[in-house]
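S.K.: From first to last, the protein sequence lines are chains A, B, C and D.
Quick note on the UniProt record's numbering: the first sequence kicks off at 1 and runs consecutively.
Quick note on the UniProt record's numbering: the second sequence kicks off at 1 and runs consecutively.
Quick note on the UniProt record's numbering: the third sequence kicks off at 1 and runs consecutively.
Quick note on the UniProt record's numbering: the fourth sequence kicks off at 1 and runs consecutively.
Here a beta-carbon is modelled for each residue, glycine too, at the ideal position from N, C-alpha and C.
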Amino acid sequence: MSLTEDKLIQMYTTMVRIREFETKVEEFFAAGKIPGFVHLYIGEEAVATGTCAVLTDKDYITSTHRGHGHLIAKGGDLKRMMAELFGKKTGYCKGKGGSMHIADVDLGILGANGIVGGGGPIANGAALAAQYRGTDQVAVCFFGDGASNQGTTQEAMNLASAWKLPVVFVNENNGYGISCPTCKSMAVADIADRAAAYDMPGVVVDGNDVVAVYEAVAEAVDRARRGDGPSLIECKTYRWRGHFEGDACTYRDEAEVQSWMAKDPIKRLREKLLEQGILTEDKDREIRDAIARELEAAVAFAEESPLPAPEEVLEDVYA
Amino acid sequence: MSLTEDKLIQMYTTMVRIREFETKVEEFFAAGKIPGFVHLYIGEEAVATGTCAVLTDKDYITSTHRGHGHLIAKGGDLKRMMAELFGKKTGYCKGKGGSMHIADVDLGILGANGIVGGGGPIANGAALAAQYRGTDQVAVCFFGDGASNQGTTQEAMNLASAWKLPVVFVNENNGYGISCPTCKSMAVADIADRAAAYDMPGVVVDGNDVVAVYEAVAEAVDRARRGDGPSLIECKTYRWRGHFEGDACTYRDEAEVQSWMAKDPIKRLREKLLEQGILTEDKDREIRDAIARELEAAVAFAEESPLPAPEEVLEDVYA
Amino acid sequence: MPTKTYLQAINEALRQEMERDPDVFIMGEDVGPFGGCFGVTKGLYEQFGEKRVKDTPITESAIIGAATGAAAAGLRPVCEIMFVDFIGVALDQLFNQAAKMRYMFGGKAKIPMVLRTPQGAGIGAAAQHSQSLEAWFAHVPGLKVAMPATPYDAKGLLITAIRDDNPVVFLEHKLLYGLEGDVPDEPYTVPFGKAQVHREGTDVTIVATAKMLHTSLEAADVLAKDGMSAEVIDPRTLVPFDTDTIVESVKKTHGLVVVHEAVKHAGFGAEIAAQVAELAFDYLDGPIVRVAAPFTPVPFSPPLEQAYIPGVDDVVTAVKKIRA
Amino acid sequence: MPTKTYLQAINEALRQEMERDPDVFIMGEDVGPFGGCFGVTKGLYEQFGEKRVKDTPITESAIIGAATGAAAAGLRPVCEIMFVDFIGVALDQLFNQAAKMRYMFGGKAKIPMVLRTPQGAGIGAAAQHSQSLEAWFAHVPGLKVAMPATPYDAKGLLITAIRDDNPVVFLEHKLLYGLEGDVPDEPYTVPFGKAQVHREGTDVTIVATAKMLHTSLEAADVLAKDGMSAEVIDPRTLVPFDTDTIVESVKKTHGLVVVHEAVKHAGFGAEIAAQVAELAFDYLDGPIVRVAAPFTPVPFSPPLEQAYIPGVDDVVTAVKKIRA
Ligand SMILES: Cc1ncc(C[n+]2csc(CCOP(=O)(O)OP(=O)(O)O)c2C)c(N)n1
Ligand SMILES: Cc1ncc(C[n+]2csc(CCOP(=O)(O)OP(=O)(O)O)c2C)c(N)n1
Ligand SMILES: [Mg+2]
Ligand SMILES: [Mg+2]
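(1) Does the Cβ of A147 (chain A) lie closer than 7 Å to at least one heavy atom of ligand 1?
(2) Measuring straight from C-alpha to C-alpha, what distance separates I64 (chain C) and C79 (chain C)?
(3) Classify V257 (chain C) as helix, strand or coil using the three-state DSSP reduction.
(4) Please state if the CB of V210 (chain B) and the CB of L273 (chain B) are separated by a distance shorter than 8 Å.
(5) Any heavy atom of ligand 3 closer than 7 Å to the CB of G177 (chain A)?
(6) Between N208 (chain B) and ligand 4, is the CB less than 7 Å from at least one heavy atom?
(7) Any heavy atom of ligand 2 closer than 7 Å to the beta-carbon of H65 (chain A)?
(8) Mapping the DSSP letters down to three states, classify A220 (chain A) as helix, strand or coil.
(9) For a cutoff of 8 Å on Cβ pairs, would you count G124 (chain D) as touching chain A?
(10) For G144 (chain A), is the beta carbon positioned less than 7 Å from some heavy atom of ligand 3?
(11) Compute the Euclidean distance between the alpha carbons of G32 (chain C) and M82 (chain C), then round it to the nearest angstrom.
(12) What is the C-beta distance between V232 (chain D) and L256 (chain D), in whole angstroms, given that I count them as a contact (C-beta under 8 Å)?
(13) Verify the contact flag: N174 (chain B), CB atom, against every heavy atom of ligand 4, threshold strictly below 7 Å.
(14) If you count every other CB in all the chains shown that lies within 10 Å of the CB of S305 (chain B), and 16 or more means buried, which is it?
(15) Drop a sphere of 10 angstroms on the beta-carbon of K100 (chain C), count the other beta-carbons inside from all chains shown, and report buried for 16 or more, exposed for fewer.
(16) Rounded to whole angstroms, what is the Cα-Cα separation between A216 (chain A) and A195 (chain A)?
(17) Helix, strand or coil: which one does DSSP assign to H198 (chain C)?
(18) Round the Cβ separation of N124 (chain A) and L159 (chain A) to the nearest angstrom and send it over; I've been treating them as touching at under 8 Å.
(19) Since K79 (chain A) and A298 (chain A) are thought to touch, with beta carbons under 8 Å apart, how far apart are those beta carbons, to the nearest angstrom?
(20) Based on Cα-Cα distance, which residue from B:K96, B:I18, B:K88 lies nearest to H68 (chain B)?
(21) Taking T59 (chain D) as the query, report the chain A residues whose CB atoms sit under 8 Å from its CB, ordered along the chain.
(22) Leaving out five residues before and five after E5 (chain A) in sequence, what residues of the same chain have Cβ atoms less than 6 Å from its Cβ?
(23) Assess, as a yes-or-no matter, whether the segment 165-172 of chain B is touched by the segment 223-230 of chain B under the definition of 3 or more beta carbon pairs within less than 8 Å.
(24) I'd like to confirm something about A290 (chain A): is its beta-carbon nearer than 7 Å to some heavy atom of ligand 5, or not?
(25) Could you please tell me which residues of the segment 90-103 of chain B, in chain order, have their CB closer than 9 Å to any CB of chain C?
(26) Give the residues of chain E in contact with M186 (chain B), contact being defined as C-beta atoms less than 9 Å apart.
(27) Would you mind telling me which residues of chain C sit closer than 9 Å to P287 (chain D), beta carbon to beta carbon, in chain order?
(28) Going straight from the alpha carbon of T14 (chain A) to that of L55 (chain A), what length do you get?
(29) From this set, B:L8, B:Q154, B:E20, which residue's C-alpha is nearest N171 (chain B)'s C-alpha?
(30) Taking the beta strand (DSSP E) that V78 (chain C) falls in, what are its first and last residues?
(31) Along the chain, where does the alpha helix (DSSP H) containing A185 (chain B) start, and where does it finish?
(32) Check each residue of the segment 18-31 of chain D: if its Cβ is closer than 9 Å to any Cβ of chain A, include it; give the result in chain order.
(33) Using a Cβ-Cβ cut-off of 8 Å (strictly less than) and excluding sequence neighbours within five positions of V276 (chain C), which residues of its own chain qualify?
(34) How far does the alpha helix (DSSP H) with K42 (chain C) in it reach, from first residue to last?
(35) Just the chain D side, please: which residues come within less than 7 Å of L314 (chain A) by C-beta, in chain order?
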């Protein structure tokens, strides 16, 4: 499972793209241009990136309220994402969904989700469709440490395992569900240990190491494609920002935040790639410049796009 | 944890009382005197009996749709139970509940439950009240193999463990959820293995051995009373009858049924007690006669009691 | 026309749609070899095998979610919830996920799934196995809600439901399973949003759903003996809802009685009454009366349960109240 | 009288009831040191400690069940569901367990619990964080349902709810949290089942709940300029429901407009309309009109969301429709 240089650069690029996108969102949210709630993915980029790097466009994911990273990693278009966040008609959901509901069914993205634990049962359904049709598609369910306690998540793992569905449950353990530390919401130390309750493999990986995530997910995806059923991968990571923008984050101490920021997944990969000569400072600048241009274009697109007309409220309820 | 002779005789008596009660219910259901659904406990008597023998009147239980055994073991009054099954005004629920909702809050019986997995969260609540008040009460949640998959059950185990609530989760694994063999509804071999997902002790016991059940539950109850939190005890057992009365039970083969009937928990205890001289044939006859008289009285009470008056439908909705 | 029971009609619709379209499949608790708690899926496992008739664990959220995800991926699942009363453990997957996906995604998803489930009191199954919850589903934009009262409609509406590209909640009444009626052998559809006038009349309009249709038809017989001519209408689907047929009828009869088995308070009958009170007010010559269950859980004991379920007398009394 | 926000009024009710009765405690997600997602429980953890202000895992069934069981065992829990929209994962514990226990057990249990939860659109939180679901709760026998529209009522109704021996669903409107009004410092109760006439009038009765009360009061101002006198009533509780006050008002004004933020179809406004269409029909001189959200999920983008939420104009138009 050795990664090609191209793949590593691709993953690096994706992580930077997520980070920069989120940084823009932070800025425009603060400026009052983005309404509603936004939950930023900064600090957790390696999880979505390492996971989706294993997948093809035909594979499915279900995302969460903290979904921008998943969407970008799965190939989501920054323009339509940004336009959606701005509530514009040209956005992924024509302005109807916003941050918590961005989806691109054509890319297998079955939506961000405003309901904690909402994605597991749906990921199963997509995987069931693959199994039913005999394709080799898989479905990845992203979910948080908080979501791992939700009954729907646990039911989903049970069904996936009982039916040997091609699902990979990717847990993003960032240590908190809003203000509640993981250790207060569950007695178990590792969420991966729950895999045994459903007789599926469960592993813990360093969620800030994109290669480790990639490798663990690749193994689980192989297993799923072979018809051997689901796996649970717990990625230990950390969110740098508050739960949502606007959260003063009084429940975490600064030392903890700093120690995790020191483990920045992007910096880490960057240094490794520079060291190995896979990335150069020039190449890095090039990548960052390209992303900056892409983002500028996305923001311009979002800013210039029209708002939906009020009467559009009535459209798209039924097929 | 050696059981006194009295306690053994008491448990034997309870098991016989359950068996005989259920046999009467079977008879009166067939005769059309008992409306609705009844789910008989025949074959599983050791689980309720061994468990409730550990408890006091102040402890709580939550029961299931297959609840008669739990109620009797916890001290439920046969007259009022039978009257309830007959739909009479003198029944436990004034005829409003029937088999699936019999309760005796004064005895800590928080109700049979028509919802599979409904009891776990409620048992937690009763245990929380004990913890809140600093009493040494515990709550036992009875639940089936089928119920162990339900999200509510899994959430309940997680909360109980995170909060170290004095709860004992007693799983009655009778091999089936209606027609669905346990092995088809979950990939894991032992439900007790799920305890690890919540960092609580999990043990498998022979659910047809009342002493084994008693001992496992006693240890778990001690632990709970000490403030060390919940446990999961899986009791492997079997139901002799169909899922509900009227179920032709085509999904089980006769050899399987016979092999389990050979492991009759009552016969087993009886033989052991006879062997050890704790029970004699005379004493046994005495016990059975007393139960027969008690049941006759219960049936007479049920038969002779008035039906509720139609206008009572409107009572008891609000306190 | 051949005579079949309501149950057989549903079973036949499932079978024929599964024969027609390989993307249609069934999931639910004990729907396989057991044939379903009420026997609705009998024989389908034998005909279509385990792949297309799937027994599930007792996890309703996982069932509805699996249907939703599979539908989003292009299949056409029909899932069964054994009793409508169990929806409380799984409503999120239906009302926040399946129902809203299309809208939230800006019209870019299709969720062609059916959730079949029996409702209703009358078998002594008590408070958690006897409810009628159609008002909840009808309040959810994105869902369609069908509620057949006859074997003919059961088959035709179910086929429509399966072919519909939206999530459809298909509410069967467990006491109607044994009801016989004319049901063509070949597949056919009954359109959504088209009420059925079951009996024409001139003095009062009775709108009734599910089992209450039959109660109301009986009441109409009784009223006829007293010289009152009742028009009896079954809306058949609550979403979409055929306002026109009812308004037209009220314009003719000038009176409305609404009958359902669910509790009256905030029941769907209120919606019907409210629509008529807005759209046909000037044609009404007296109060709109609703006949429905009292505001209590469903009791177990037969005399209580019978007192709970609206009866022929209740309908007759209601009509006489406005036609006195 | 001191001025407080709706949010402060709720916070004060919680604090004072917890001071009064050691059996009252709070459970919910992030209700502890964080003070709740909207800040409603701020300061309570500091005052009462971890034992009485309990942060829970994100498992709403476990929360409601824990409240139900603790209430059955004699405590008086007040649990918070962070947004009403999340009820779908946990409704069973509320509607089949907490609400029905007393009845199913033949009157032999008391479940004195409160479930607090915010409803409502207007902050761009989209389809799964903006709903108004009061009609669902009001359809469940065994539950009481309160829906305060003012700071004064928020405090008084919540104290009543906590002292009530039944499960009470207490529906806050998230856009009202910042609304200021007179709120006495001392504890007081507002009775359940007693509507409040907020403005007297003679030409039309407007019944409105939660935020729509304020929209309707504004509409009444606009109407007054056009010479129309509207009486504006807030039912305050949907169960029990004060039919009399509304019927009396309609007897005086001869017209009714019902306003709520939930979608119209099968919304609680239908119940109000239906009751009046039955009990005050002869006093009505024209159709009953409902003003409510369209039959769509709540959209995200501000212009869509504003189009979704009923506005002052919609109420004015509705009144003019029947008073033209
Ligand atoms: C069913 C449900 N309950 C509660 C919430 C409110 N909520 C939104 S995000 C969140 C925390 C989720 O924690 P976790 O799963 O760890 O994800 P993270 O935010 O850390 O990425 C909560 C409680 C919700 N959206 N849905
Ligand atoms: C939420 C819910 N889903 C489904 C049912 C229907 N049902 C009643 S009992 C039962 C099987 C339960 O199996 P198990 O938990 O193993 O208990 P057992 O009947 O074997 O004692 C089912 C599916 C229900 N009552 N509640
Ligand atoms: Mg987290
Ligand atoms: Mg079982």
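M.R.: Reading off the structure:
(1) One-based indexing of the first sequence puts residue 147 (chain A) at position 147. Answer for A147 (chain A): yes, Cβ within range of ligand 1.
(2) For the purposes of this step, residue 64 (chain C) is identified with residue 64 of the third sequence, where counting begins at 1. For the purposes of this step, residue 79 (chain C) is identified with residue 79 of the third sequence, where counting begins at 1. Answer to the nearest angstrom: the Cα atoms are 7 Å apart.
(3) Taking the third sequence and counting its residues from 1, one reaches residue 257 (chain C) at position 257. Residue state for V257 (chain C) is assigned as strand, using DSSP reduced to three classes.
(4) Walking along the second sequence from the start, residue 273 (chain B) turns up at place 273. Walking along the second sequence from the start, residue 210 (chain B) turns up at place 210. No. Outside cutoff.
(5) Mapped onto the first sequence, residue 177 (chain A) falls at position 177. Yes, the Cβ of G177 (chain A) comes within 7 Å of a heavy atom of ligand 3.
(6) In the second sequence, counting from the first residue as 1, residue 208 (chain B) sits at position 208. N208 (chain B) Cβ: outside cutoff for every heavy atom of ligand 4.
(7) Residue 65 (chain A) sits at position 65 when you count from the first residue of the first sequence. Remark: the shortest separation between the CB of H65 (chain A) and any heavy atom of ligand 2 does not fall under 7 Å.
(8) Translated into the one-based positions of the first sequence, residue 220 (chain A) becomes position 220. Collapsing the DSSP output to three states places A220 (chain A) in a helix.
(9) Numbered from its first residue, the fourth sequence carries residue 124 (chain D) at position 124. Answer yes: the Cβ-Cβ gap between G124 (chain D) and chain A drops below 8 Å somewhere.
(10) Translated into the one-based positions of the first sequence, residue 144 (chain A) becomes position 144. Checking the Cβ of G144 (chain A) against ligand 3 gives yes.
(11) Residue 32 (chain C) sits at position 32 when you count from the first residue of the third sequence. Residue 82 (chain C) sits at position 82 when you count from the first residue of the third sequence. When the Cα atoms are used, G32 (chain C) and M82 (chain C) turn out to be separated by approximately 13 Å.
(12) Position 232 of the fourth sequence holds residue 232 (chain D). Position 256 of the fourth sequence holds residue 256 (chain D). Actually they do not touch by this definition, with Cβ atoms about 12 Å apart.
(13) As a working mapping, residue 174 (chain B) is identified with position 174 in the second sequence. The answer is yes for N174 (chain B).
(14) Within the second sequence, residue 305 (chain B) is the residue found at index 305, counting from 1. It is buried - the Cβ of S305 (chain B) has at least 16 other Cβ atoms within 10 Å.
(15) Within the third sequence, the letter at position 100 stands for residue 100 (chain C). Buried, because 16 or more other Cβ atoms sit within 10 Å of the Cβ of K100 (chain C).
(16) Stepping through the first sequence from its first residue, residue 216 (chain A) is reached at position 216. Stepping through the first sequence from its first residue, residue 195 (chain A) is reached at position 195. Answer to the nearest angstrom: the Cα atoms are 14 Å apart.
(17) Position 198 of the third sequence, counted from the start, is the residue given in the question as residue 198 (chain C). The answer is strand: DSSP assigns H198 (chain C) an E or B state.
(18) Your numbering for residue 124 (chain A) matches position 124 in the first sequence. Your numbering for residue 159 (chain A) matches position 159 in the first sequence. L159 (chain A) and N124 (chain A) do touch by the CB rule: their CB atoms are close to 6 Å apart, below 8 Å.
(19) Position 79 of the first sequence, counting from 1, holds the residue named residue 79 (chain A). Position 298 of the first sequence, counting from 1, holds the residue named residue 298 (chain A). Rounded to whole angstroms, the Cβ separation of K79 (chain A) and A298 (chain A) is 5 Å, and the two are in contact under 8 Å.
(20) Position 68 of the second sequence holds residue 68 (chain B). Ranking B:K96, B:I18, B:K88 by CA distance to the CA of H68 (chain B) puts B:I18 first.
(21) To locate residue 59 (chain D), count along the fourth sequence from 1; it is residue 59. Residues of chain A passing the Cβ test: N149, Q150, G151.
(22) Within the first sequence, numbered from 1, the residue matching residue 5 (chain A) stands at position 5. So the list reads I278, once near-sequence residues are dropped.
(23) Pairwise C-beta distances place the segment 223-230 of chain B in contact with the segment 165-172 of chain B, as three or more of them are shorter than 8 Å.
(24) Among the ligands present in this structure, namely ligand 1, ligand 2, ligand 3 and ligand 4, ligand 5 is not found.
(25) Flagged, chain order: G91, C93, K94, G95, K96, G97, G98, S99, M100, H101.
(26) Here the protein chains are A, B, C and D, and chain E is not one of them.
(27) Taking the fourth sequence and counting its residues from 1, one reaches residue 287 (chain D) at position 287. Those within 9 Å of P287 (chain D) in chain C are A277, E278, L279, A280, F281, D282.
(28) In the first sequence, residue 14 (chain A) corresponds to position 14, counting from 1. In the first sequence, residue 55 (chain A) corresponds to position 55, counting from 1. One alpha carbon belongs to T14 (chain A), the other to L55 (chain A), and they sit about 14 Å apart.
(29) Reading the second sequence from its first residue, position 171 is the one you call residue 171 (chain B). Comparing alpha-carbon positions, the option among B:L8, B:Q154, B:E20 lying closest to N171 (chain B) turns out to be B:Q154.
(30) Within the third sequence, numbered from 1, the residue matching residue 78 (chain C) stands at position 78. Where V78 (chain C) is concerned, the enclosing beta strand (DSSP E) stretches over 76-80.
(31) Taking the first residue of the second sequence as 1, we reach residue 185 (chain B) at position 185. The displayed chain sequence assigns Ser, not Ala, to residue 185 (chain B). Segment 182-185, the alpha helix (DSSP H) holding S185 (chain B).
(32) Within the segment 18-31 of chain D, E29, D30 place their CB atoms closer than 9 Å to a CB of chain A, listed in sequence order.
(33) For the purposes of this step, residue 276 (chain C) is identified with residue 276 of the third sequence, where counting begins at 1. The answer, listed in chain order, is I246, V247, V250, L256, L284, I288.
(34) Counting from one through the third sequence, the residue named residue 42 (chain C) turns up at place 42. Careful: K42 (chain C) lies outside any alpha helix (DSSP H) and carries neither H nor E.
(35) Here residue 314 (chain A) is taken as the residue at index 314 of the first sequence, counted from 1. Contact annotation for L314 (chain A) against chain D: P294, T296 [CB-CB distance below 7 Å, chain order].
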